[in-house]
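J.:
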């Protein structure tokens, strides 16, 4: 959901005005950290009008995460919730997976290419490594995976390192996005 009103003036002026009224945009212009928010956190601030708008829509909160963008620009993905309960710790991990997938898709789209991963590298994973990758995609820790597959946590850490290298990614979240993009859900 994006709430933007039409304004006269240059694009730069519009961006500045938007950042002055939307706490999410203001946050993104100042730093690259994710923002977990609730409308009430902006009450009594210059963002109160946006807070009231969001609350009026029945939105209880959200997470706004920055995406890769060209210098001088910013891009983000915002996930909204109508559920007022606290979110489990796995929420941040799941959002990071979505963010990595969105970034990969966005880069592929802007370059006019299909979103591609190192499928050739995937073919070099052992059966155990494919299973470990599937557990990574489900948000499991090395400790949890070790218990599930009956190996030591150290062995799992080694295999995770090998998986990342073979599929040419640098993080567990990217590996999970890779797995999801291949459509290998159980």
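Numbering (the working numbering), first residue to last: 268 to 453.
Beta carbons: idealized from backbone N, C-alpha and C, even for Gly.
1) So, is residue 425 buried or exposed, given that buried needs 16 or more other C-beta atoms within 10 angstroms?
2) Looking at the strands, I want to know which residues DSSP matches up with residue 342.
3) Here's the rule: buried if 16 or more other CB atoms are within 10 angstroms of the residue's CB, otherwise exposed. What is residue 386?
4) Could you spell out the range, first to last residue, of the beta strand (DSSP E) harbouring residue 302?
5) Given a cut-off of 8 Å, decide if residue 344 and residue 332 are closer than it, judged by their beta-carbon atoms.
6) Can you list, in chain order, the residues of its chain with a C-beta nearer than 8 Å to that of residue 322? Leave out the 5 residues immediately preceding and following it.
7) Alpha carbon to alpha carbon, what distance is there between residue 442 and residue 312?
8) Less than 8 Å separating the beta-carbons of residue 326 and residue 447?
9) Go through its chain and collect everything with a Cβ distance to residue 388's Cβ below 7 Å, but skip five positions before and after it.
10) Rounded to whole angstroms, how far is the Cβ of residue 362 from the Cβ of residue 330, which I believe are closer than 8 Å?
11) CB-CB under 8 Å to residue 440, same chain, minus the five flanking residues each way: which ones, in chain order?
12) According to the neighbour-count rule (16 or more other Cβ atoms, all chains shown, within 10 Å of its Cβ), is residue 289 buried or exposed?
13) Do you know offhand how far residue 445's Cα is from residue 438's?
14) Pick helix, strand or coil for residue 366, following the three-state DSSP scheme.
15) Opposite residue 347 in the DSSP bridges: which residues?
16) Taking the straight line between their C-alpha atoms, what separation do you get for residue 421 and residue 402?
17) For residue 414, does the count of other Cβ atoms within 10 angstroms reach 16, so buried, or fall short, so exposed?
18) Reducing DSSP to helix, strand and coil, say where residue 403 ends up.
19) Using beta-carbon positions only, say whether residue 341 and residue 396 come within less than 8 Å of one another.
T.: Put simply:
1) One-based indexing of the chain shown puts residue 425 at position 158. Classification of residue 425: exposed, given that the 10 Å Cβ count is below 16.
2) Translated into the one-based positions of the chain shown, residue 342 becomes position 75. In DSSP, residue 342 forms a bridge with 334.
3) Mapped onto the chain shown, residue 386 falls at position 119. With a threshold of 16 other beta carbon atoms within 10 Å, residue 386 falls short and is exposed.
4) To locate residue 302, count along the chain shown from 1; it is residue 35. Where residue 302 is concerned, the enclosing beta strand (DSSP E) starts and stops at 302-304.
5) Position 65 of the chain shown holds residue 332. Position 77 of the chain shown holds residue 344. The answer is yes: Cβ separation under 8 Å.
6) Counting from 1 along the chain shown, the entry for residue 322 is found at position 55. Contacts found: 306, 307.
7) If you number the chain shown from 1, residue 312 lands on position 45. If you number the chain shown from 1, residue 442 lands on position 175. Taking the straight line from one Cα to the other gives about 39 Å.
8) For the purposes of this step, residue 326 is identified with residue 59 of the chain shown, where counting begins at 1. For the purposes of this step, residue 447 is identified with residue 180 of the chain shown, where counting begins at 1. No, the Cβ-Cβ distance between residue 326 and residue 447 is not below 8 Å.
9) Counting from 1 along the chain shown, the entry for residue 388 is found at position 121. Only 433, 434, 435 meet the Cβ criterion.
10) Position 95 of the chain shown holds residue 362. Position 63 of the chain shown holds residue 330. Between residue 330 and residue 362 the Cβ distance is about 5 Å, and since that is below 8 Å, they are a contact.
11) Taking the first residue of the chain shown as position 1, residue 440 is located at position 173. Excluding residues within five positions, the ones whose Cβ falls inside 8 Å are 360, 363, 364, 366, 367.
12) Counting from 1 along the chain shown, the entry for residue 289 is found at position 22. Buried.
13) Start at 1 with the first residue of the chain shown, and residue 445 comes out as number 178. Start at 1 with the first residue of the chain shown, and residue 438 comes out as number 171. Taking the straight line from one Cα to the other gives about 11 Å.
14) The residue you call residue 366 lines up with position 99 of the chain shown. Residue 366: helix per DSSP, three-state reduction.
15) The count along the chain shown starts at 1 and reaches residue 347 at position 80. Its beta-bridge partners are 329.
16) On the chain shown, residue 421 is found 154 positions in, with the first residue counted as 1. On the chain shown, residue 402 is found 135 positions in, with the first residue counted as 1. When rounded, the distance between both Cα atoms is 16 Å.
17) What you label residue 414 is simply residue 147 of the chain shown in a count that begins at 1. Exposed: under 16 other Cβ atoms inside 10 Å.
18) Mapped onto the chain shown, residue 403 falls at position 136. Reduced to three states, the DSSP call for residue 403 is helix.
19) In the chain shown, counting from the first residue as 1, residue 341 sits at position 74. In the chain shown, counting from the first residue as 1, residue 396 sits at position 129. Not closer than 8 Å, so no.
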